[in-house]
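Input: a single structure, listed below in structure tokens.
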């Protein structure tokens, strides 16, 4: 017991710091902060900082593409008489967001001819990604999926290009945000970025649907020109992000030695990436028939089509990654690529993280990153279905859940960024995780009380405020973990990891609800937050010890 006493004492001390910082209670400190004119003026000045304001417009350009790939496109295809589930190509569009860390080294190291010299490393990549996004959206607008099968394939390829370009923009913007300001502004920049991102999603979701509707396209009367107009307007809105690139300044970060490599080495590195990507995509294309057969056979064994699909697709994904790695290894053996550049691109960013924090703390931090959003994401997948099952109309879901919820998320983000400055990121990270878990219990209460609008407003307000607060603190926390020498790569790994585990669990949300019912399911999602709270306490203690050394 004696050998555990120092650790237990440290945990207790950190818990006291989080819960009751003397000499004033947290509630009084919060009230004092908001009623203190000097503090309010200081926060207002920080929100008006050029770097912070730029994040609003970059967030808008980052949030715009995602719904044009998924929900808005799904409605377009449905009105055109096409079942999107039958088109396997469209599932690839999401791969860009999940595996963006694979080509993050390209964004981190490879200069773009002419553009990098004129704009700088980060702004050049942001602008190039935005141009590609606008071009992909415009290409989608010029394709009528109802005409022929080859048109649907072209639409799918354009959607994949849009997902790839959007993920590339995310990599470059995240690197710019971290490098352009110190830790004191990261929480505010994160909250403003989240606000812009949500506004961009609203424009691409409700905005695109509204334009298509007033142009005359409805589920019973499909009109291609209406959707063409909607998507072309969305492509034009990318000009907001492009203009921001020319207004802001490049971060004052010393260029890495890797960027001074010869153009020939960069070109060979780019060829290596293209060949590896082609191997990955080729495997998916040629294995689609085999995968369908295997799903039927596995379903007979496990007696569950969803589980069979998950098993086969996971194995298929692993095989695709192996084929990409094999292709890369062959290219290195043939001396097509510079092995030293590959090592600096992929190995050094990972080894740097483990060297800075040590193996033990590094694995704990990665576990925290992978689990922090689990309560929100697992519940969020089934939330719209829950609202419908409760008896709420589509109008209520659109006006309260989507629109009102959006403003609550933005308010929570601003609150999280402001409080992180006053109380520190780790405390607000803990508070956000705690509130996110507790607000899930409100869904249990609503499942018992029935479809009452006041209860819906209460649940949406609490859930979205907590989610926005936690999101702002979490982005600031991830930013603090990165090394500016490897900003793009390390943050891309973190942001990919933070949704990987929750997405795996969320795939079983529907089955859990069917077997357990909504109240038990929502209780389980709240309990999922307990390990996260423990991890924050442990990581906070270890980070404090590390900072004292």
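In our numbering, the protein residues as written are 1009 to 1557. Quick reminder that beta carbons are idealized off the backbone N, C-alpha and C, glycines included. Since the model is a prediction, treat every value here as computed from it, not as a measurement.
Sequence-distant residues of its chain with Cβ nearer than 8 Å to residue 1392 (five each side left out)
Shown here for residue 1392: same chain residues with a beta carbon closer than 8 Å to its own, the five before and five after excluded, namely 1405 and 1409 in chain order.
State yes or no: is the C-beta of residue 1276 within less than 8 Å of the C-beta of residue 1355?
no
Please classify residue 1547 as buried or exposed, where buried requires at least 16 other C-beta atoms within 10 Å of its C-beta.
By the 10 Å Cβ count, residue 1547 comes out buried.
By how many angstroms is the C-alpha of residue 1214 removed from the C-alpha of residue 1084?
13 Å
Counting C-beta neighbours from all protein chains within 10 Å, is the total for residue 1522 16 or more, i.e. buried, or is it exposed?
With fewer than 16 Cβ atoms within 10 Å of its Cβ, residue 1522 is classed as exposed.
Please state whether the Cβ-Cβ distance between residue 1208 and residue 1072 is less than 8 Å.
yes
Rounded to a whole number of angstroms, what is the C-alpha to C-alpha distance between residue 1113 and residue 1353?
5 Å
Are the stretch 1487-1506 and the stretch 1373-1385 touching, with three or more C-beta to C-beta distances below 8 Å?
yes
Would the stretch 1144-1154 count as touching the stretch 1457-1473 if we require 3 or more Cβ pairs under 8 Å?
no
Here's the rule I'm using: 16 or more other beta-carbon atoms within 10 Å means buried, otherwise exposed. How should residue 1227 be labelled?
exposed
Can you give, in chain order, each stretch of the alpha helix (DSSP H) that sits fully within the stretch 1106-1141 and has at least 4 residues?
1112-1117 and 1123-1127
Strand pairing of residue 1229, partner residues [DSSP]:
1226
Tell me, please, whether the stretch 1472-1485 touches the stretch 1356-1363 by the rule of three or more beta-carbon pairs shorter than 8 Å.
no
Throw me the rounded Cβ distance for the residue 1324 and residue 1188 pair, which I believe falls under 8 Å.
Not confirmed; about 40 Å, so no contact.
Where does the unbroken alpha helix (DSSP H) through residue 1417 begin, and where does it stop?
Residue 1417 -> alpha helix (DSSP H) spans 1413-1431.
Between residue 1177 and residue 1069, how many whole angstroms is the CB-CB distance? I'm expecting something under 8 Å.
7 Å
Contacts around residue 1292, its chain only, beta-carbon distance under 6 Å, and the 5 residues preceding and following it disregarded:
1328
Kindly indicate which three-state DSSP category residue 1184 falls into: helix, strand or coil?
helix
Applying the criterion that 16 or more other CB atoms from any shown protein chain within 10 Å of the CB defines a buried residue, is residue 1448 buried or exposed?
buried
Ignoring anything shorter than 4 residues or poking outside the stretch 1265-1349, list the alpha helix (DSSP H) runs there in chain order.
1271-1294, 1296-1310 and 1313-1341
By Cβ distance, which residues of its chain are closer than 6 Å to residue 1366, with the 5 residues on each side in sequence left out?
So the list is empty, once near-sequence residues are dropped.
Would you kindly report the start and end of the unbroken alpha helix (DSSP H) that includes residue 1482?
1461-1489
Selection from 1510, 1139, 1143 and 1115 that minimises the alpha carbon distance to residue 1130
1115
May I ask which residues mark the beginning and end of the alpha helix (DSSP H) holding residue 1213?
Run containing residue 1213: none; DSSP gives neither H nor E here.
Assign residue 1528 to one of two classes, buried (16 or more other C-beta atoms within 10 Å of its C-beta) or exposed (fewer than that).
Exposed, by the Cβ-count rule.
Report the CB separation of residue 1480 from residue 1202 in whole angstroms; it is logged as a contact under 8 Å.
6 Å
Would you be able to state if there are at least three C-beta pairs under 8 Å between the stretch 1230-1247 and the stretch 1134-1146?
Flag = yes, the stretch 1134-1146 and the stretch 1230-1247 touch.
Do residue 1349 and residue 1340 have their C-beta atoms within less than 8 Å of each other?
no
Span of the alpha helix (DSSP H), counted from its first residue to its last, around residue 1086:
Going by DSSP, residue 1086 is part of the alpha helix (DSSP H) stretching over 1079-1087.
Over what stretch of residues does the alpha helix (DSSP H) that includes residue 1534 continue unbroken?
1526-1535
Rounding to the nearest angstrom, what Cα-Cα distance links residue 1186 and residue 1492 in this structure?
8 Å
Nearest-angstrom beta carbon gap, residue 1497 and residue 1109 [assumed within contact, 8 Å]:
Contact flag correct, Cβ pair sits at about 7 Å.
Could you name the residues of the same chain whose beta carbon sits closer than 8 Å to that of residue 1526, not counting the 5 residues immediately before and after it, in chain order?
1394, 1397, 1451, 1452 and 1455
How would you write the range of the alpha helix (DSSP H) that residue 1360 sits in, first residue to last?
1356-1379
Can you grab the Cα-Cα spacing for the pair residue 1342 / residue 1441, in whole Å?
Taking the CA atoms as reference points, residue 1342 sits about 49 Å from residue 1441.
On the criterion of 16 or more Cβ atoms from any shown chain inside 10 Å, does residue 1017 qualify as buried, or is it exposed?
A caution first: residue 1017 carries a pLDDT of 42, below 50, which makes its placement in the model unreliable, though a value can still be read off. Per the 10 Å Cβ criterion, exposed.
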